[in-house]
Amino acid sequence: MSTETESNYFNSYPPPKALQRHEALTRAFVQLQLEQNRRVVLVTSGGTTVPLENQTVRFIDNFSAGTRGASSAEQFLENGYAVIFLHRQFSLLPYSRHYSHSTNCFLDFMDEDPVTSSIVVRKEYQSSMRDVLRKYRYAKQNNLLLVLPFTTVTEYMFELRSLAHLMKPLGANALFYLAAAVSDFFIPRDRMAEHKIQSSEIPAHIGQHQPIQDDEVYTGYNEDQPGDVEKTEYKSKKLVIDLDPVPKFLHRLVDGWAPEGSMIVSFKLETDPTLLVYKARTSLQRYAHHLVIGNLLSTRKWEVVFVTPEEPHERWIRVPKSKRSKSISGSENQIGLAEKILHDQEHPDQPE
Ligand code: PAZ
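Mapping of the sequence shown onto the numbering used here: position 112 corresponds to residue 857, and the numbering continues sequentially without gaps.
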């Protein structure tokens, strides 16, 4: 993304409604961490949506639940970082992720005390929940965690750009950990339908609906003739979606938005194992940041590959089979290594 593409892109959208509030919260958060001389990581997490209509009824989405981002945020907090958690709204959050969504419904952890009727945590979960609760409280009470939501890919871009600018005073104490699954394609605003895209022909004198490119015919009940039991033929529209590539923002983050001396870690997801390392390396060469963590959709919970500009260039980290069920996306290992890379860069001659 050149600076010109950048301004074209951002000028064609109104800023997200929550942006000003998020900026004010981030400014105060960064100031607090500066006073404590604390390192701050911006963790991005979850998927981005691509709306098909301006007044959005339908959108394209991706699979990401935010497990990697939420579990990594916990690990960063345990390693002394303050965390700005920029996440897809309603995706997993640090700490609460242990008790949310269908696989970990919080109600399954509760019981009613037969004597007092109080709601209590079941005995077998007390210890693990106490542990999570203490960490959560500690992060909140000490202002170590700032949670900011986004939904669309455009909101994500606006937020990332603003937050990176606001993190400038942190300099080398800033880290960017970009685990969000950011859509590669979108519909530019000037081609986006304003209203809900219709699946059947609307008479020209009603409304102002954009025509859809192609059509097909099928047989059904004609809704214009209620009560008419006879089957009639009417036209149903085929929807052809024409997507543009999302401007590559990483280049701008590295060269302009992020603070001088900060560390930038991006993720690369693939499904074809033969492409993963090549794509991760290409990304590292193209954007000249510090680390690309590659993962495959099918094995992402147990193994990742760290691709770095320095030797050994490629390092696989695998969670042993025996520990897989307990692992939180293998992120304990990832952050241990990311910390080491950061340390080696800051103090090349000094052992950790
Ligand atoms: O959110 P999750 O834990 O289900 O998945 C994490 C992930 C695969 C989205 C992340 O590790 C990742 O690779 N993010 C970058 C994806 C990409 O844009 O290539």
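C-beta atoms are modelled at their ideal positions from N, C-alpha and C, and glycine is treated no differently.
Here the structure is a predicted model, which is why all the values come from computation and not from measurement.
The alpha-carbon separation between Glu1005 and Lys913 amounts to approximately 7 Å. Rounded to whole angstroms, Ala917 and Ser863 show a C-alpha spacing of 49 Å. The DSSP assignment places 1008-1015, 1036-1041, 1048-1052 as complete runs of the beta strand (DSSP E) inside the region 988-1061, in order along the chain (cut-off: 3 residues). Straight through space, the alpha carbons of Ile942 and Leu779 are spaced by roughly 48 Å. A residue is called buried once 16 or more other Cβ atoms fall within 10 Å of its Cβ, and His1058, having fewer, is exposed. A residue is called buried when at least 16 other Cβ atoms come within 10 angstroms of its Cβ; His940 does not meet this threshold and is exposed. When the beta-carbon positions are compared, Ser928 and Val991 come within less than 7 Å of each other.
For the beta strand (DSSP E) assignment, the uninterrupted runs of no fewer than 3 residues enclosed by the region 879-905 are, from N- to C-terminal side, 890-895.
Per DSSP, reduced to three states, the secondary structure at Thr793 is coil, with no helix or strand assignment. The three-state secondary structure of Glu857, taken from DSSP, is strand.
Nearest in C-alpha terms to Leu787, of all of Gln800, Ile805, Glu819, is Glu819. A check of alpha carbon separations from Thr794 across Arg842, Leu1036, Pro894, Arg867 identifies Pro894 as the nearest. Bounds of the beta strand (DSSP E) holding Ala919 are 919-923. Residue range 764-780 is occupied by the alpha helix (DSSP H) that includes Val775. Taken from the Cβ of Val927, at least one heavy atom of the ligand PAZ lies inside 6 Å. DSSP places Phe755 in the uninterrupted alpha helix (DSSP H) bounded by 748-756. By the C-beta criterion, the region 833-845 is judged to be in contact with the region 802-813, since at least 3 inter-stretch pairs fall below 8 Å. Checking the DSSP bridge columns, you'll see Lys1066 has no partner listed. Taking the CA atoms as reference points, Ile805 sits about 6 Å from Pro796. According to the DSSP assignment, Arg813 belongs to the alpha helix (DSSP H) that extends over 812-823. In the three-state DSSP reduction, Leu787 falls in the strand class (E or B). Nearest C-alpha to Leu831 among Glu768, Gln776, Arg867, Glu823: Glu768. The nearest non-hydrogen atom of the ligand PAZ is 6 Å or more from the C-beta of Ser817. Between Ala926 and Gly1039, the CB-CB gap reaches or exceeds 7 Å.
For the set Leu777, Asp853, Phe903, Ala827, the Cα lying nearest the Cα of Tyr883 is the one of Ala827. Taking 6 Å as the cut-off, the C-beta of Leu1014 counts as close to a heavy atom of the ligand PAZ. In this chain, the beta strand (DSSP E) harbouring Arg833 covers 827-833.
Glu939 carries a coil assignment under DSSP once its states are collapsed to helix, strand and coil.
Of the candidates Val985, Val1050, Asn824, Asp987, Asn824 places its Cα closest to the Cα of Arg783.
The C-alpha of Pro933 lies about 15 Å from the C-alpha of Met746. Between the ligand PAZ and Arg1026, a heavy atom-to-CB distance of less than 6 Å is absent. Just measuring C-alpha positions, the residue of Pro1018, Pro759, His1034, Ala938 sitting nearest Leu920 is His1034. DSSP places Ser847 in the helix class (H, G or I) of the three-state scheme.
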